[in-house]
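Undergrad: This is the structure I have questions about; it appears just below.
2 protein chains.
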Amino acid sequence: MINQEFRKMIEGKSVIREQSEYATARGREIGYENVFDFSLGNPSVPCPPEYTQAVVDLHLREDPMVLHGYSPSQSLPSTRAAVAESLNRRFGMDYRMEHIFMTSGATGAIAHALRCVTCPGEQVLTFAPYFGEYGPYVAGTGAELKVVPADTESFQINFDAFEKAMNPKVAAVLLNTPNNPSGVVYSTDTIRRLARVLTEKQREYGHDIFLVSDEPYREIVFEGTDAPFVSAFYDNSLCCYSFSKSLSLPGERIGYVAVNPRCTDADLMAVIFSQISRKTGHNCPSSSVQLAVERVLDKTSDLSVYERNRDLIYDELVKLGFRVVRPGGTFYIFPQALEEDDVAFCEKAKKYDLIFVPGSAFGCPGYFRMAYCIGTEKVLRSFPVLERFVREEYGAGR
Amino acid sequence: MINQEFRKMIEGKSVIREQSEYATARGREIGYENVFDFSLGNPSVPCPPEYTQAVVDLHLREDPMVLHGYSPSQSLPSTRAAVAESLNRRFGMDYRMEHIFMTSGATGAIAHALRCVTCPGEQVLTFAPYFGEYGPYVAGTGAELKVVPADTESFQINFDAFEKAMNPKVAAVLLNTPNNPSGVVYSTDTIRRLARVLTEKQREYGHDIFLVSDEPYREIVFEGTDAPFVSAFYDNSLCCYSFSKSLSLPGERIGYVAVNPRCTDADLMAVIFSQISRKTGHNCPSSSVQLAVERVLDKTSDLSVYERNRDLIYDELVKLGFRVVRPGGTFYIFPQALEEDDVAFCEKAKKYDLIFVPGSAFGCPGYFRMAYCIGTEKVLRSFPVLERFVREEYGAGR
Numbered sequence: 001m002i003n004q005e006f007r008k009m010i011e012g013k014s015v016i017r018e019q020s021e022y023a024t025a026r027g028r029e030i031g032y033e034n035v036f037d038f039s040l041g042n043p044s045v046p047c048p049p050e051y052t053q054a055v056v057d058l059h060l061r062e063d064p065m066v067l068h069g070y071s072p073s074q075s076l077p078s079t080r081a082a083v084a085e086s087l088n089r090r091f092g093m094d095y096r097m098e099h100i101f102m103t104s105g106a107t108g109a110i111a112h113a114l115r116c117v118t119c120p121g122e123q124v125l126t127f128a129p130y131f132g133e134y135g136p137y138v139a140g141t142g143a144e145l146k147v148v149p150a151d152t153e154s155f156q157i158n159f160d161a162f163e164k165a166m167n168p169k170v171a172a173v174l175l176n177t178p179n180n181p182s183g184v185v186y187s188t189d190t191i192r193r194l195a196r197v198l199t200e201k202q203r204e205y206g207h208d209i210f211l212v213s214d215e216p217y218r219e220i221v222f223e224g225t226d227a228p229f230v231s232a233f234y235d236n237s238l239c240c241y242s243f244s245k246s247l248s249l250p251g252e253r254i255g256y257v258a259v260n261p262r263c264t265d266a267d268l269m270a271v272i273f274s275q276i277s278r279k280t281g282h283n284c285p286s287s288s289v290q291l292a293v294e295r296v297l298d299k300t301s302d303l304s305v306y307e308r309n310r311d312l313i314y315d316e317l318v319k320l321g322f323r324v325v326r327p328g329g330t331f332y333i334f335p336q337a338l339e340e341d342d343v344a345f346c347e348k349a350k351k352y353d354l355i356f357v358p359g360s361a362f363g364c365p366g367y368f369r370m371a372y373c374i375g376t377e378k379v380l381r382s383f384p385v386l387e388r389f390v391r392e393e394y395g396a397g398r
Numbered sequence: 399m400i401n402q403e404f405r406k407m408i409e410g411k412s413v414i415r416e417q418s419e420y421a422t423a424r425g426r427e428i429g430y431e432n433v434f435d436f437s438l439g440n441p442s443v444p445c446p447p448e449y450t451q452a453v454v455d456l457h458l459r460e461d462p463m464v465l466h467g468y469s470p471s472q473s474l475p476s477t478r479a480a481v482a483e484s485l486n487r488r489f490g491m492d493y494r495m496e497h498i499f500m501t502s503g504a505t506g507a508i509a510h511a512l513r514c515v516t517c518p519g520e521q522v523l524t525f526a527p528y529f530g531e532y533g534p535y536v537a538g539t540g541a542e543l544k545v546v547p548a549d550t551e552s553f554q555i556n557f558d559a560f561e562k563a564m565n566p567k568v569a570a571v572l573l574n575t576p577n578n579p580s581g582v583v584y585s586t587d588t589i590r591r592l593a594r595v596l597t598e599k600q601r602e603y604g605h606d607i608f609l610v611s612d613e614p615y616r617e618i619v620f621e622g623t624d625a626p627f628v629s630a631f632y633d634n635s636l637c638c639y640s641f642s643k644s645l646s647l648p649g650e651r652i653g654y655v656a657v658n659p660r661c662t663d664a665d666l667m668a669v670i671f672s673q674i675s676r677k678t679g680h681n682c683p684s685s686s687v688q689l690a691v692e693r694v695l696d697k698t699s700d701l702s703v704y705e706r707n708r709d710l711i712y713d714e715l716v717k718l719g720f721r722v723v724r725p726g727g728t729f730y731i732f733p734q735a736l737e738e739d740d741v742a743f744c745e746k747a748k749k750y751d752l753i754f755v756p757g758s759a760f761g762c763p764g765y766f767r768m769a770y771c772i773g774t775e776k777v778l779r780s781f782p783v784l785e786r787f788v789r790e791e792y793g794a795g796r
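Residue numbers (the numbering used here), protein chains in the order written: chain A, 1 to 398; chain B, 399 to 796.
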């Protein structure tokens, strides 16, 4: 019969998607240019021309039998080798081809990584605020997601809460840096301390604890931000990456898992990943997309608009009296709402055609997310509206 | 800890892959042109030039933000609508956009379809001979795969065995026509009779039984073969398709599920599929690949080589005394081995650099599969070797 578990998921709709759909519908009424849609984390700049050129070249010059042939179950060797080389050069790592497994974006990467390093009944810890889709990702593995409350002062890790949450059932810690929704990048101090706690706990519990690091925003880090490469600090680490944001290719579904060569069973992981694919029905990303990103691994889209928008929005929010941590990367900012009820706050904002996402969708009520991957012109046009919203709804003089 | 279930799967290696790897290794010793490699079902003809042109045009002319943007969770509306229109026109169906869900090949299609229409603990029936990967596909859903023994006379359905296997726990029947490995296409009589049994059993058990039809070889049907469109005969039917074989794009991972508009909850299925994606980590196939196949839905590669090879090989096998059913499609043929032990038979063939796959890998011991998606020149060169193998190993005069 029709699976009721999946059927019920329909009701638990994504809040982000609901806000985005509202913005689109509202746009049809008043013109989308008049809706200040800060709901969706969709890149607002095109892919680099080198990517387009790579795709065209491959299709005009490569043997179609090679270009469109089956990938080996562990993905294309040339792409895996190129990713390893790029990571080694940029981050002083020593990955080999065997440690890289190409996936359908970061979602596929996390799905494979978590299935590999957890067993049903074990726990996966993550840190608030966190991307809401971690819920179904972890549920799909049979493990249980536990959320460590946020450190709302800095949006680094709340270590007191983390140490309290640790227990022998924890098989993996899932973190996201640069962080969606806070925009904060975990510092070298944070990652060092995290590694120390995990190392201690591994010893105490007598089993591995894997660090699954979700890094789709790794290339969107602003000047002056301390942005360590997480896997350099902890052996049992799996780095999950996506080209969706750095190359503006979200629809192409291309990313990878990089397994730390010093991880337990490091050389076996990609082989296990390929077995996982057989059960989830995912057999590698598109071969031509693998080959195309292989040619532009060190390129990015022109990401400067995000830093410009960050500067403008942060200053404006501070001016208007918001309590807000300055993002070091991504295209998100996560201010405290002007009332305790973040959902009510975002509802009121809608009256002004300002579309935000309530922090409770990220396990952090009382805050709200603005996704500023939109044109700077629109950002600037939103400021008088934001000012009016704050004044009319929450009183002047703030 | 590292998931032992997936780890153990490594040992249960695919027999097809083992034979193929042997052929590749042997090719390195004696030159691959001297290995008569009938192991892998990999298309041997290039994609049609119209596909290449579509990809190049899209990349040179389309807005990259649209081309590479996120697909909605149910996949791209224009592609879904075009697939529905093509199926309606060609097979007299009445699909609407809502009934089409683009997937990562037939594997993704089956993974989604089965997860939707079964619950853990229920049964999925399939008919021998069957594609061995159905094992992990079904295991991944939590349901149990039950195999109905083959009708080795015709390789149509063994209805006596089927009716015996039916029971109230059966939630879905998974069939594959044109069939891998037999090459046989289920006839209109077969599909009608199957539909009649399923309809009766639905009434008897008081619940839906879904027919999941795996049809990646639908376009590879030879002249004079009766090849009905399965879903036209049974309401609770889900058609799983892949462009891997018809457009020679196996590496691009592109296919779909088409939900019969008269199916229970027909309009809800694709919505449920999109929820399933959240848990398996598969979020639509590549957007640019969706858009490219949308432009060439009614094209195929030049598939004539497969029919030419079928004619030659069938005649040769008959001449050599093999008992074999003449394939109506695909690029497989499935003769009876010359001894009871099909594995031993295939091992002996290796001494002659003839690489076959034992029928036991398809739930049908005593037979062997030849994949004739290779050049006709090589097919012809294999005949004297085949003849020598038969004579030397199994005696003259056969």
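C-beta: ideal position from N, C-alpha, C; glycine also.
Please list, in chain order, the chain A residues whose beta carbon lies closer than 8 angstroms to that of glycine 538 (chain B).
TA: Residue numbering aside, residue 538 (chain B) sits at position 140 when the second sequence is read from its first letter. Per Cβ cutoff of 8 angstroms: Arg278, Lys279, Thr280 and Gly281.
Undergrad: Might you give, ordered along the chain, the residues of its own chain that have their beta carbon closer than 8 angstroms to the beta carbon of serine 154 (chain A), omitting 5 neighbours on each side?
TA: Here residue 154 (chain A) corresponds to residue number 154 of the first sequence, with the count starting at 1. Only Val184 and Val325 meet the Cβ criterion.
Undergrad: Please give me, in chain order, every unbroken run of the alpha helix (DSSP H) with length at least 4 that falls completely inside the stretch 718-765 of chain B.
TA: For the stretch 718-765 of chain B, whole alpha helix (DSSP H) runs of length 4 or above, ordered along the chain, are 740-748.
Undergrad: Could you check what DSSP says for lysine 299 (chain A) in three-state terms: helix, strand or coil?
TA: In the first sequence, counting from the first residue as 1, residue 299 (chain A) sits at position 299. Residue state, collapsed to three classes: coil.
Undergrad: Asparagine 167 (chain A) versus chain B: which residues are under 8 angstroms apart at the beta carbon?
TA: Translated into the one-based positions of the first sequence, residue 167 (chain A) becomes position 167. Near asparagine 167 (chain A) there are no residues of chain B at all, since even the closest Cβ is about 15 angstroms away, more than 8 angstroms.
Undergrad: Work out the CA separation of proline 384 (chain A) and alanine 349 (chain A) for me, nearest whole Å.
TA: In the first sequence, counting from the first residue as 1, residue 349 (chain A) sits at position 349. In the first sequence, counting from the first residue as 1, residue 384 (chain A) sits at position 384. In a straight line, the C-alpha of alanine 349 (chain A) is about 13 angstroms away from that of proline 384 (chain A).
Undergrad: Leaving out the 5 sequence neighbours to the left and right, which residues in its chain are closer than 7 angstroms to valine 716 (chain B) when beta-carbon positions are compared?
TA: Along the second sequence, one-based indexing puts residue 716 (chain B) at 318. Contacts found: Val722.
Undergrad: Indicate whether at least one CB of chain B lies closer than 9 angstroms to the CB of methionine 93 (chain A).
TA: Counting from one through the first sequence, the residue named residue 93 (chain A) turns up at place 93. By this cut-off, methionine 93 (chain A) is not an interface position.
Undergrad: Return the chain-ordered list of same chain residues with a C-beta closer than 6 angstroms to the C-beta of isoleucine 589 (chain B), the five sequence neighbours on each side being excluded.
TA: Numbered from 1 along the second sequence, position 191 holds the residue referred to as residue 589 (chain B). Same-chain partners within the cutoff: Pro626, Val628 and Phe631.
Undergrad: With a threshold of 16 other CB atoms inside 10 Å of the CB of arginine 398 (chain A), please say whether the residue is buried or exposed.
TA: The residue given as residue 398 (chain A) occupies position 398 in the first sequence. Reliability of the predicted coordinates at arginine 398 (chain A) is poor, the pLDDT of 49 falling under 50, and the value obtained from them is presented with this limitation in mind. Classification of arginine 398 (chain A): exposed, given that the 10 Å Cβ count is below 16.
Undergrad: Tell me, please, whether the CB atom of leucine 465 (chain B) is closer than 9 angstroms to any CB atom in chain A?
TA: As a working mapping, residue 465 (chain B) is identified with position 67 in the second sequence. Answer yes: the Cβ-Cβ gap between leucine 465 (chain B) and chain A drops below 9 angstroms somewhere.
Undergrad: Just to confirm, is the Cβ distance from glutamate 598 (chain B) to serine 412 (chain B) under 9 angstroms?
TA: Sequence index remark: in the second sequence, residue 598 (chain B) carries index 200 (1-based). Sequence index remark: in the second sequence, residue 412 (chain B) carries index 14 (1-based). No, the pair does not count as a contact, with Cβ atoms beyond the cut-off.
Undergrad: Which term fits glutamate 745 (chain B), buried or exposed, when burial requires 16 or more other beta carbons within 10 angstroms of its beta carbon?
TA: Counting from 1 along the second sequence, the entry for residue 745 (chain B) is found at position 347. That one is exposed.
Undergrad: Considering just the uninterrupted stretch of the alpha helix (DSSP H) at isoleucine 589 (chain B), what are its terminal residues?
TA: Looking up residue 589 (chain B) in the second sequence gives position 191. Segment 586-603, the alpha helix (DSSP H) holding isoleucine 589 (chain B).
Undergrad: Quick check on this structure: which residue in B:Arg693, B:Gly649, B:Tyr750 and B:Arg779 has the alpha carbon closest to the alpha carbon of proline 444 (chain B)?
TA: Here residue 444 (chain B) refers to the residue found at position 46 when the second sequence is read from its first residue. Ranking the options by Cα distance to proline 444 (chain B), first place goes to B:Gly649.
Undergrad: Residues of chain A with CB closer than 8 angstroms to the CB of phenylalanine 404 (chain B), please, in chain order.
TA: As a first step, residue 404 (chain B) is located in the second sequence; it is residue number 6 there, counting from the start. Within 8 angstroms Cβ-Cβ: Arg115, Cys116, Ile272, Gln275, Ile276 and Lys279.
Undergrad: Would you call glutamine 734 (chain B) buried or exposed, if buried means 16 or more other Cβ atoms sit within 10 Å of its Cβ?
TA: On the second sequence, position 336 is the one that residue 734 (chain B) refers to. Glutamine 734 (chain B) is buried by the Cβ-count criterion.
Undergrad: How should glutamine 402 (chain B) be labelled, buried or exposed, when 16 other C-beta atoms within 10 angstroms of its C-beta is the threshold for buried?
TA: As a working note, residue 402 (chain B) is residue 4 in the second sequence. By the neighbour-count rule (16 or more Cβ atoms within 10 Å), glutamine 402 (chain B) is not buried but exposed.
Undergrad: Under a CB-based cut-off of 9 angstroms, is glycine 503 (chain B) close to chain A?
TA: Against the second sequence, residue 503 (chain B) aligns to sequence position 105. Output row for glycine 503 (chain B): interface = yes.
Undergrad: Identify the contact partners of valine 454 (chain B) in chain A, using a Cβ-Cβ distance below 9 angstroms as the criterion.
TA: As a position in the second sequence, residue 454 (chain B) is number 56, starting the count at 1. Those within 9 angstroms of valine 454 (chain B) in chain A are Val55, Val56, His59 and Leu60.
Undergrad: Evaluate alanine 769 (chain B) with the Cβ neighbour count: other Cβ atoms within 10 Å of its Cβ, from every protein chain shown; 16 or more gives buried, anything less gives exposed.
TA: Working through the second sequence from its first residue, we reach residue 769 (chain B) at position 371. Per the 10 Å Cβ criterion, buried.
Undergrad: Any idea what DSSP makes of arginine 796 (chain B), helix, strand or coil?
TA: Position 398 of the second sequence, counted from the first residue, corresponds to residue 796 (chain B). Caution applies to arginine 796 (chain B), whose pLDDT of 49 falls short of 50 and renders its modelled position unreliable; the value that the coordinates give is listed next. Correct three-state label for arginine 796 (chain B): coil.
Undergrad: What are the boundary residues of the alpha helix (DSSP H) that includes cysteine 116 (chain A)?
TA: Translated into the one-based positions of the first sequence, residue 116 (chain A) becomes position 116. Start and end: 105-117.
Undergrad: Going straight from the alpha carbon of arginine 426 (chain B) to that of glutamine 417 (chain B), what length do you get?
TA: Here the question's residue 426 (chain B) lines up with position 28 in the second sequence. Here the question's residue 417 (chain B) lines up with position 19 in the second sequence. For arginine 426 (chain B) and glutamine 417 (chain B), the distance between alpha carbons rounds to 14 angstroms.
Undergrad: Step through the CB atoms of chain A and report whether any lies within less than 9 angstroms of the CB of aspartate 700 (chain B).
TA: Translated into positions along the second sequence, residue 700 (chain B) becomes position 302. It does not; no Cβ of chain A falls within 9 angstroms.
Undergrad: Would you please verify whether the beta carbon of arginine 203 (chain A) is less than 9 angstroms from any beta carbon of chain B?
TA: Mapped onto the first sequence, residue 203 (chain A) falls at position 203. Cβ-Cβ to chain B under 9 angstroms: no for arginine 203 (chain A).
Undergrad: Do serine 71 (chain A) and asparagine 283 (chain A) count as a contact pair if the criterion is CB distance below 9 angstroms?
TA: Residue mapping note: residue 283 (chain A) aligns to position 283 of the first sequence, counting from 1. Residue mapping note: residue 71 (chain A) aligns to position 71 of the first sequence, counting from 1. Against a cut-off of 9 angstroms, the Cβ pair of serine 71 (chain A) and asparagine 283 (chain A) comes out as a contact.
Undergrad: Would alanine 504 (chain B) be called buried (16 or more neighbouring beta carbons within 10 Å of its own) or exposed?
TA: The sequence position of residue 504 (chain B) within the second sequence is 106, counting from 1. The residue is buried, with at least 16 neighbouring Cβ atoms inside 10 Å.
Undergrad: Could you tell me which uninterrupted alpha helix (DSSP H) segments, each at least 4 residues in length, are contained entirely in the stretch 448-478 of chain B, listed from first to last along the chain?
TA: Runs of the alpha helix (DSSP H) inside the stretch 448-478 of chain B: 462-465.
Undergrad: DSSP three-state call for aspartate 265 (chain A): helix, strand or coil?
TA: In the first sequence, residue 265 (chain A) corresponds to position 265, counting from 1. Reduced to three states, the DSSP call for aspartate 265 (chain A) is coil.
Undergrad: Three-state secondary structure (DSSP) at lysine 146 (chain A)?
TA: Residue 146 (chain A) sits at position 146 when you count from the first residue of the first sequence. It is a strand residue.
Undergrad: With a threshold of 9 angstroms between beta carbons, is valine 15 (chain A) in contact with chain B?
TA: Locating residue 15 (chain A) in the first sequence gives position 15, counting from the first residue. Valine 15 (chain A) does not count as touching chain B.
Undergrad: Out of B:Ile772, B:Ala559, B:Met463 and B:Val481, state which residue places its alpha-carbon closest to the alpha-carbon of aspartate 492 (chain B).
TA: What you label residue 492 (chain B) is simply residue 94 of the second sequence in a count that begins at 1. Cα-wise, what sits closest to aspartate 492 (chain B) is B:Val481.
Undergrad: For threonine 774 (chain B), I'd like the list of residues in its chain whose CB is within less than 8 angstroms of its CB, leaving aside the five on either flank, ordered along the chain.
TA: Here residue 774 (chain B) refers to the residue found at position 376 of the second sequence. Contacts found: Val703, Arg706, Asn707 and Leu710.
Undergrad: Touch check for the stretch 457-472 of chain B and the stretch 604-612 of chain B: three-plus C-beta pairs under 8 angstroms?
TA: At 8 angstroms Cβ cutoff, the stretches do not touch.
Undergrad: CA-CA distance, serine 640 (chain B) and alanine 113 (chain A)?
TA: Taking the second sequence and counting its residues from 1, one reaches residue 640 (chain B) at position 242. Taking the first sequence and counting its residues from 1, one reaches residue 113 (chain A) at position 113. Taking the straight line joining both Cα atoms gives about 27 angstroms.
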